[in-house]
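The structure appears right after this line, and notes come after that.
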Amino acid sequence: MSMPDAMPLPGVGEELKQAKEIEDAEKYSFMATVTKAPKKQIQFADDMQEFTKFPTKTGRRSLSRSISQSSTDSYSSAASYTDSSDDEVSPREKQQTNSKGSSNFCVKNIKQAEFGRREIEIAEQDMSALISLRKRAQGEKPLAGAKIVGCTHITAQTAVLIETLCALGAQCRWSACNIYSTQNEVAAALAEAGVAVFAWKGESEDDFWWCIDRCVNLDGWQANMILDDGGDLTHWVYKKYPNVFKKIRGIVEESVTGVHRLYQLSKAGKLCVPAMNVNDSVTKQKFDNLYCCRESILDGLKRTTDVMFGGKQVVVCGYGEVGKGCCAALKALGAIVYITEIDPICALQACMDGFRVVKLNEVIRQVDVVITCTGNKNVVTREHLDRMKNSCIVCNMGHSNTEIDVTSLRTPELTWERVRSQVDHVIWPDGKRVVLLAEGRLLNLSCSTVPTFVLSITATTQALALIELYNAPEGRYKQDVYLLPKKMDEYVASLHLPSFDAHLTELTDDQAKYLGLNKNGPFKPNYYR
Numbered sequence: 002m003s004m005p006d007a008m009p010l011p012g013v014g015e016e017l018k019q020a021k022e023i024e025d026a027e028k029y030s031f032m033a034t035v036t037k038a039p040k041k042q043i044q045f046a047d048d049m050q051e052f053t054k055f056p057t058k059t060g061r062r063s064l065s066r067s068i069s070q071s072s073t074d075s076y077s078s079a080a081s082y083t084d085s086s087d088d089e090v091s092p093r094e095k096q097q098t099n100s101k102g103s104s105n106f107c108v109k110n111i112k113q114a115e116f117g118r119r120e121i122e123i124a125e126q127d128m129s130a131l132i133s134l135r136k137r138a139q140g141e142k143p144l145a146g147a148k149i150v151g152c153t154h155i156t157a158q159t160a161v162l163i164e165t166l167c168a169l170g171a172q173c174r175w176s177a178c179n180i181y182s183t184q185n186e187v188a189a190a191l192a193e194a195g196v197a198v199f200a201w202k203g204e205s206e207d208d209f210w211w212c213i214d215r216c217v218n219l220d221g222w223q224a225n226m227i228l229d230d231g232g233d234l235t236h237w238v239y240k241k242y243p244n245v246f247k248k249i250r251g252i253v254e255e256s257v258t259g260v261h262r263l264y265q266l267s268k269a270g271k272l273c274v275p276a277m278n279v280n281d282s283v284t285k286q287k288f289d290n291l292y293c294c295r296e297s298i299l300d301g302l303k304r305t306t307d308v309m310f311g312g313k314q315v316v317v318c319g320y321g322e323v324g325k326g327c328c329a330a331l332k333a334l335g336a337i338v339y340i341t342e343i344d345p346i347c348a349l350q351a352c353m354d355g356f357r358v359v360k361l362n363e364v365i366r367q368v369d370v371v372i373t374c375t376g377n378k379n380v381v382t383r384e385h386l387d388r389m390k391n392s393c394i395v396c397n398m399g400h401s402n403t404e405i406d407v408t409s410l411r412t413p414e415l416t417w418e419r420v421r422s423q424v425d426h427v428i429w430p431d432g433k434r435v436v437l438l439a440e441g442r443l444l445n446l447s448c449s450t451v452p453t454f455v456l457s458i459t460a461t462t463q464a465l466a467l468i469e470l471y472n473a474p475e476g477r478y479k480q481d482v483y484l485l486p487k488k489m490d491e492y493v494a495s496l497h498l499p500s501f502d503a504h505l506t507e508l509t510d511d512q513a514k515y516l517g518l519n520k521n522g523p524f525k526p527n528y529y530r
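For the sequence shown, the residue numbers in this note's numbering are 2 to 530.
Dropping the structure here:
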């Protein structure tokens, strides 16, 4: 049964009639235009073929240029302020002084110091535990007389650590452990505050080693402590300045790569100073490596590629703490995640967490994203890169740039196109392109930022390790690699609990006796990881 036409309201009948006439006229005009246009039958198959063809070389160039121009206007890597007018002049060629007249530094632009100071102040707000340690120990000056040479990422969070060490009595000279991770404005703020810092974003390989050498090689100043991230500084001092190396009182190392180098020196009988392995402390492994990477992997990939992860196939090479963090984040956004592993224990963990464990060769043709986080070398080889699908994204979450064989891509038959900061398209002769991020270097600190609170945990651990090694009585630590005492691990954790208003339960005397523990800890044996 059809419904009767609705009756128009009184007084609006004429208006509706006029509106209907206008609508009919527009419809007629549109239909006339369509009928005059030449007819073209839709060819779905041909269109699909045209769609899947790779762009021509000319097309690639113009597309790349337009993307580069539009994206860099709004893109900000690591929230870093940069002045394009300074880009053409190397900091090594500039004559810069801070407000106190000192030129004992080399940064991009000392004029950015005020902006960098604001970045540091923001970081301090979420690093309350490290600030608390600074206030507690500032009167005692436990690092008085310490001359620390450091090589780490230079970010606002690291700046809080460096200034804490200075407040505790140390003299510091600093360089960057990664050529892309330095926040120029933060380096400028440190230089303005009197820290001898030699670093800027976008260093060349030659610049990298020059900066390290400037930190170490200074008349009238000799380092007695090393804080390293990756082992490059330790290696440089060991090779170039053996007399300085022998007089070092302690080394603190926080990365898998650097710790591996230390154990190699120790095994060869060439490590003549005690070293603290911070990387394998619980507060580093279970927090920085896991939770930091769980958040920063997405940040780095989103900023550089704008990729949507739902339904994407991703292979993560390595299921250690870094791999676990990456996989948890990717899975939460709906990605299909595969794992490669050499360790049967980690592989079993991956399986029980719901991931498929495969060999890289088995999935390399189908995956959309490849992420390395093993600490090894040549994990992704040229053979793998040749077999990847068009537009596959390749990046590294390990410290060193050795995991992806980037060197093999610098050949005449391949074309490199920079499409935005830290994003390169490597183009094969047939038009296939692979999206390489940060030239295979550490993604999160090269292309984005990392959570401040988690870095506070690591920085506090590093500070305590330096204090422990510097003040340890002679004979406590021999010429070997040591793990941070579990009591210190627990102390670092306890300093961060007030941020969550967390309240620990205390053991009764009877409970402590039953477990064979001291009521105040440590609660885990030293071998616990």
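Yeah, the Cβ is synthetic: ideal placement off N, Cα and C, and Gly gets one too.
So, under 8 Å CB-CB, residue i and residue j are touching, yes? Tell me the CB distance rounded to an integer number of Å.
i: Gly324; j: Cys374; result: 5 Å
i: Val274; j: Val253; result: In fact, because the Cβ distance is near 11 Å, the residues do not count as touching under 8 Å.
i: Leu169; j: Arg135; result: 7 Å
i: Val371; j: Val316; result: 5 Å
i: Ala494; j: Thr284; result: 6 Å
i: Thr156; j: Val187; result: 6 Å
i: Lys378; j: Glu404; result: 6 Å
i: Asp289; j: Leu456; result: 7 Å
i: Asn445; j: Asp300; result: 7 Å
i: His1; j: Gly270; result: Outside the displayed range of the chain (2 to 530) lies residue 1, so it cannot be described from this structure.
Measure the alpha-carbon distance for residue i versus residue j and round it to whole angstroms.
i: Glu296; j: Ser447; result: 15 Å
i: Thr57; j: Ile428; result: Residue placement at Thr57 is poorly supported in this model, since its pLDDT is 40, which falls under 50; the coordinates still yield a value, given next. So the two alpha carbons sit approximately 11 Å from each other.
i: Asn105; j: Val395; result: 39 Å
i: Ser282; j: Ala224; result: 25 Å
i: Asp406; j: Met389; result: 14 Å
i: Glu418; j: Val436; result: 10 Å
i: Ile298; j: Met398; result: 8 Å
i: Ala171; j: Glu164; result: 9 Å
i: Cys327; j: Ala130; result: 26 Å
i: Leu470; j: Ile340; result: 38 Å
i: Gly311; j: Arg262; result: 39 Å
i: Ile121; j: Glu141; result: 24 Å
i: Asp307; j: Lys241; result: 44 Å
i: Ser267; j: Gln480; result: 8 Å
i: Thr305; j: Ala333; result: 20 Å
i: Val35; j: Asn391; result: Low local confidence applies: a pLDDT of 40 at Val35 is under 50, so the model's placement there is unreliable, and no value is given.
i: Pro112; j: Ala138; result: In the sequence as displayed, the identity of residue 112 is Lys instead of Pro. Lys112 and Ala138: Cα-Cα distance of roughly 32 Å.
i: Phe209; j: Gln158; result: 21 Å
i: Gln265; j: Asn527; result: 22 Å
i: Ser422; j: Lys287; result: 31 Å
i: Leu302; j: Ala189; result: 28 Å
i: Lys520; j: Leu498; result: 18 Å
i: Thr506; j: Asn218; result: 51 Å
i: Val482; j: Ala439; result: 32 Å
i: Phe356; j: Glu255; result: 29 Å
i: Gln512; j: Asp344; result: 38 Å
Pick out whichever of the options has its Cα sitting closest to the Cα of residue i.
i: Ala276; options: Leu508, His400, Gly259 and Ile180; result: Gly259
i: Thr509; options: Leu518, Asp502, Phe501 and Ala503; result: Leu518
i: Lys95; options: Ser103, Lys109, Gly102 and Glu255; result: Lys109
i: Cys531; options: Cys216, Glu141 and Lys142; result: Because residue 531 is not part of the residues shown, which for the chain are 2 to 530, the question remains open.
i: Arg411; options: His400, Asp425, Val420 and Arg421; result: Asp425
i: Asp229; options: Asp208, Gly251, Glu363 and Asn244; result: Gly251
i: Lys488; options: Val380, Phe116 and Lys525; result: Lys525
i: Gly321; options: Asp127, Asp354 and Leu144; result: Asp354
i: Gln367; options: Asn377, Ile337 and Arg383; result: Ile337
i: Arg530; options: Leu484, Ala503 and Gly146; result: Leu484
i: Ile249; options: Gln314, Phe199 and Gly146; result: Gly146
i: Thr409; options: Arg421, Gln423, Ser422 and Arg383; result: The amino acid at residue 409 is misidentified as Thr; the sequence shows Ser. Here the closest residue by C-alpha is Arg383.
i: Leu415; options: Leu386, Ser91 and Gly231; result: Leu386
i: Leu291; options: Ala330, Val90 and Leu272; result: Ala330
i: Trp222; options: Val245, His504 and Lys514; result: Val245
Is residue j closer than 9 Å to residue i when the C-beta atoms are compared?
i: Asp431; j: Cys393; result: no
i: Cys173; j: Val196; result: yes
i: Cys347; j: Gly319; result: yes
i: Met226; j: Ile123; result: no
i: Asn402; j: Arg442; result: yes
i: Gly1; j: Tyr181; result: As displayed, the chain neither begins before 2 nor continues past 530, which places residue 1 out of reach and without an answer.
i: Pro523; j: Glu475; result: no
i: Trp175; j: Ala194; result: no
i: Leu144; j: Leu496; result: no
i: Trp237; j: Asp214; result: yes
i: Met128; j: Thr450; result: no
i: Val381; j: Leu349; result: no
For chain C, find out if any of its Cβ atoms is closer than 9 Å to the Cβ of residue i; answer yes or no.
i: Gln172; result: No chain C is present in this structure, which holds just one protein chain.
| said: Taking contact to mean 3 or more Cβ pairs, one atom from each stretch, closer than 8 Å, check whether the region 147-167 and the region 456-466 are in contact. | reply: yes
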